[in-house]
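Everything in the first sequence is counted per my numbering, starting at 1078 for the first residue and increasing by one.
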Amino acid sequence: MPETLRQILASAEPRPAITVRGWVRTKRESKSCAFLEVTDGSCFRVLQIVVDAALPSADVLPSILTGASVEVLGDLIASPAAGQKWELQATELRLLGEADATYPLQKKGHTPEFLRTIAHLRPRTNLYGNVFRVRSRMAFAMHRFFQERGFFYVHTPIITSSDCEGAGELFRVTTLKQGTPAKPEDDFFGRPTYLTVSGQLQGETFACALGNIYTFGPTFRAENSNTARHAAEFWMIEPEMAFYDLFADMTLAEENVKYLVDAMLTECPEELEFFSKFVDKDLVARLQQTLDKPFERISYTEAVELLLQSGRRFEHPVVWGEALQTEHERYLAEQHVRGPVTIYNYPKAIKPFYMRQNDDGKTAAAMDLLVPGIGEIIGGSQREERLDVLTAAMQHHGLSQEDYSWYVDLRRYGSVPHAGYGMGFERLLMFVTGVSNIRDVIPFARTPGHAPY
RNA sequence: UCCUGAGUAGCUCAGCGGUAGAGCGGGUGGCUGUUAACCACUAGGUCGUAGGUUCGAACCCUACCUCAGGAGCCA
């Protein structure tokens, strides 16, 4: 197997006669020699390659522009100049694939807006290379968090016929031809089907069998949302735990966030240092801070009082019973707490049917975890386990008992208290990298009117 | 979807009624090891699209398209 640059750059001693392959980032030429900076994507760092002008294969240098792929044979030696520990003294230079002057990535910086238009090339840049290396490691760390705690990974369906109420608009999945009259029974599945907006309801069935489970997969929302925090296709982690109440749920959510922040600080130090330098100066300090103390918990009712007493003039009035607006959430996380904060026990009227009603008759056992800069990254609840209360809530929301009979069965046969939450993978990634637009942490982002790849 | 702002060279931008500009990137030449190298020369444009106002529009007006920031919805 070819050796990666990551392995080569970790060398403790000089190494003669090695082979390096990668893409050229920059070329600097002078009379006697040329310098190439080459990366293979295995890590953030580049390897400087020194090509003596007298070298026979130096005649390919004019064809080697930024973006070209090369294979270089040479000796890894300690670099005599400042700026890098190692460099490769080339003995033979081979051009693998040319990149001509139309190659869009230049030596100088580009705007994220421009790079979004070339999503197939942007992972070759420092910023996006780092983002997607972190994304991969964070996905693995996510599985590790749950697996270490004995949770089972459940693959809930991507195509579903159930609408997880309150989760937004659905994408229709159909094989029916457009424009021809047809009944839902004629469709591929014999009924209307959609891309999933949440695996929660199916996840609950497995929590009520295997105990503690989680899902981690793509989720789809057909909302016409045009913000830096929304995408039509995103990845969500949805743990569901039997015998957990709302407070155990909140504790797990906090541990979950802290575990991942800690894991990325230890496993991706070079990448996070880069983000701290070029994306968000306070990033590492802020991440460190989130680990240091327990997340604050504020009930919805307390939050409303805090907002009313803040002396702030909000654009949207603060009224008990109404949803908290972005400006309210921002005030709580960024001004009042200055860190992650969990808001819990929301008015039941603004929450979906499956959330457990509290004894006060007014609130539901729901919680949102808000972080500075992004807002909600987790939304969860204790689920309604009482058959009569659940069916009454469904009736109140106008839901058909028939469509959800399998869900109601969980309360009919051996019902137990249980709870869970949904975490936006990209939102957590934004929090960890400091990148402020969700389109820049998804390899090929899907947003309204935009799915070019 | 609503509000605000912006679309000028491959990229980043200046020009804001009177002959289309710069830096970077490309090409050519120079330079004793460079670090987004440096120096000189050079090529490169339907000023987002379509109408309108004007003697004259990149510039003013209208509509549309695209992008960004904010809002709503949510993870």
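In this text, a Cβ means the ideal position worked out from N, Cα and C, and glycines have one as well.
Please read all numbers here as calculations on a predicted model, not as lab measurements.
Three-state class that DSSP yields for residue i in the structure shown
i     : result
S1387 : coil
I1427 : helix
L1142 : coil
W1483 : helix
M1078 : coil
F1228 : coil
P1133 : helix
L1329 : helix
H1197 : coil
L1272 : strand
L1253 : coil
Q1412 : helix
L1446 : strand
Y1336 : helix
T1266 : The question names Thr, but residue 1266 in the sequence shown is Phe. If DSSP states are grouped into helix, strand and coil, F1266 belongs with coil.
P1417 : coil
F1297 : strand
Range of the contiguous alpha helix (DSSP H) that encloses residue i
i     : result
N1207 : N1203 to E1225
A1284 : Q1277 to L1287
P1189 : P1189 to R1193
H1405 : T1403 to R1407
H1473 : L1464 to H1473
Cβ pair residue i, residue j closer than 8 Å
i     : j     : result
L1124 : L1082 : yes
A1094 : D1152 : yes
A1284 : H1495 : yes
G1398 : A1426 : yes
K1582 : A1443 : Because the chain here runs from 1078 to 1530, residue 1582 falls outside it and cannot be looked at.
F1430 : A1400 : no
T1282 : E1315 : no
L1446 : A1330 : yes
T1233 : V1250 : no
L1182 : T1143 : yes
E1148 : R1098 : yes
S1387 : Y1421 : no
I1126 : A1167 : yes
L1170 : A1135 : yes
D1539 : V1208 : Within the shown structure, residues of the chain are numbered from 1078 to 1530, placing residue 1539 beyond reach of any answer.
A1319 : V1512 : no
S1458 : R1433 : yes
N1303 : P1529 : no
L1253 : D1264 : yes
V1274 : G1245 : yes
K1184 : T1096 : no
P1417 : V1334 : yes
G1186 : G1118 : no
M1215 : L1337 : yes
E1406 : F1391 : no
L1278 : S1239 : yes
A1155 : P1200 : no
F1121 : N1203 : yes
Element boundaries [beta strand (DSSP E), containing residue i]
i     : result
E1310 : E1310 to A1319
S1146 : S1146 to A1155
L1124 : L1124 to D1129
R1433 : From DSSP, R1433 is part of no beta strand (DSSP E); its letter is neither H nor E.
Q1084 : No beta strand (DSSP E) holds Q1084; the alpha helix (DSSP H) holding it covers L1082 to L1086.
L1113 : C1110 to T1116
E1164 : W1163 to G1174
V1101 : R1092 to E1106
G1456 : G1452 to Q1459
Residue i: CB within 7 Å of a non-hydrogen atom of the ligand GDP
i     : result
V1137 : As far as ligands go, the structure on display features none, and thus does not contain the ligand GDP.
Checklist entry - What are the start and end residues of each continuous beta strand (DSSP E) run of 3 or more residues lying completely inside the stretch 1344-1385, in chain order? => result 1373-1376
Checklist entry - Should the stretch 1223-1243 be called in touch with the stretch 1284-1292, which here means at least 3 C-beta pairs below 8 Å? => result yes
Checklist entry - So, do the stretch 1299-1310 and the stretch 1336-1343 have three or more beta carbon pairs nearer to each other than 8 Å? => result no
Next on the checklist: So, does the stretch 1491-1508 touch the stretch 1346-1358, judging by three or more C-beta pairs under 8 Å?
Outcome noted: no
Next on the checklist: For the pair the stretch 1432-1449 and the stretch 1321-1329, tell me if three or more CB-CB distances fall below 8 Å.
Outcome noted: yes
Next on the checklist: Under 8 Å, with one C-beta from each stretch per pair, do the stretch 1370-1378 and the stretch 1350-1362 reach the 3-pair mark?
Outcome noted: no
Checklist entry - Which full runs of the alpha helix (DSSP H) of 4+ residues lie inside the stretch 1481-1525, going along the chain? => result 1482-1489 and 1502-1510
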